[in-house]
Amino acid sequence: MTIAIDGYSSCGKSTLAKALAKELSYVYVDSGAMYRAVTYYFLKHDVAIHSEKEVDLALDKITIDFANIKGKNICFLNNENVENEIRSMRISNNVSEVAAIGKVREKLVKLQRQIARNSSIVMDGRDIGTVVFPNADIKFFVTADKTIRAERRYNELIENGKEVTLREVQQNLEHRDKVDTTRAISPLKKADDAIEIDNTHLNREDQLKLALSYITQFQKHC
Ligand code: DC
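Start counting the sequence shown at 4; every next residue gets the next number (my numbering).
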């Protein structure tokens, strides 16, 4: 069983994906973390993102894994726990440009499909229902009002001890929305058969209940 969840930055898709995975005992895969980990590596090693040769060489040196530690999904880059580093504003400000590179997407999509081979999964991202798993059993496209998204993201970053202003977060979301929806390869868009969930006025529990009701409906028809 594959559940694909796509949507704009900070729209609540990973909250939904994690809750669904927990409820259904599926594996949760955060595809955004993979693009963030590659961005972290590129910045750390001064990889010139417009040089195909440098990008290729760097990608060959990268491994990405996940582990569930104390109930938290942790991303490892070359066996190093980078979960905290990849959530910084520096990474958020550079990740969309890295995610627009064809070779980067090729490598990560391959990895995403490999992870899904042996388990039931919930994966969230931007191209999961359109490109990675066009035949996913259920696809959700999550949306929320722009102001609400920025506020939620800002509060989350502050709670995690990050120094950031609401304006910075708003600008970052606007920038990422623009780059992610207009890039040439696999731009963010709603799959034709995706169920849209607008969570502007929903709390986490209501969003989960709504998604679960669609899944139950789907399972009844199987
Ligand atoms: O889900 P996130 O905000 O952590 O994702 C970070 C960036 O990675 C996002 O701005 C676009 C990119 N991304 C992507 O292009 N495709 C995916 N499947 C997931 C994320």
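Here a beta-carbon is modelled for each residue, glycine too, at the ideal position from N, C-alpha and C.
Classify residue i as buried or exposed, calling it buried when 16 or more other Cβ atoms lie within 10 Å of its own Cβ.
| i | result |
| --- | --- |
| Thr42 | buried |
| Ala70 | exposed |
| Asp33 | buried |
| Ile72 | exposed |
| Asn202 | buried |
| Asp127 | buried |
| Cys3 | What is shown of the chain runs 4 to 225, which leaves residue 3 out entirely. |
| Gln115 | buried |
| Leu131 | Correcting the residue type first, residue 131 is Ile in the shown sequence and not Leu. By the neighbour-count rule (16 or more Cβ atoms within 10 Å), Ile131 is buried. |
| Thr133 | buried |
Can you give me the Cβ contacts of residue i inside the same chain, cut-off strictly under 6 Å, excluding the 5 residues immediately before and after it?
| i | result |
| --- | --- |
| Phe79 | Asp68 |
| Ala22 | Leu211 |
| Val125 | Ile6, Ala20, Leu23, Ala24, Tyr29 and Tyr31 |
| Tyr157 | Leu169 and Val172 |
| Ile65 | Tyr44 |
| Val50 | Glu57 and Ala61 |
| Val112 | Val135 |
| Ile118 | Val32 |
Once you ignore the five residues that flank residue i on each side, which residues in its own chain have a CB closer than 7 Å to its CB?
| i | result |
| --- | --- |
| Arg129 | Asp9, Asp183 and Leu191 |
| Gln173 | Ala153 |
| His48 | Ala61 |
| Asn121 | none |
| Val145 | Ile8, Gly10, Cys14, Gly15, Lys16, Leu19, Ile200 and Asn202 |
Just list the residues that DSSP pairs residue i with in beta bridges.
| i | result |
| --- | --- |
| Leu80 | Ile67 and Glu83 |
| Thr146 | Asp201 |
| Gly128 | Asp9 |
| Val32 | Met126 |
| Ile141 | Ile6 |
| Ile89 | Looking at the DSSP assignment, Ile89 forms no beta bridge with any residue, so it has no partner. |
| Lys75 | Ile72 |
Tell me which residues share the same chain as residue i and place their Cβ nearer than 8 Å to its Cβ, disregarding the 5 neighbours each side in the sequence.
| i | result |
| --- | --- |
| Ile94 | Arg39, Thr42, Tyr43, Leu46 and Glu88 |
Inter-stretch contact at 8 Å, needing at least 3 Cβ pairs: the region 168 to 178 / the region 210 to 222:
no
Count the CB pairs spanning the region 95 to 107 and the region 47 to 62 that are closer than 8 Å, and state whether there are at least three.
yes
Is the region 44 to 52 in contact with the region 122 to 141, if contact means three or more CB pairs nearer than 8 Å?
no
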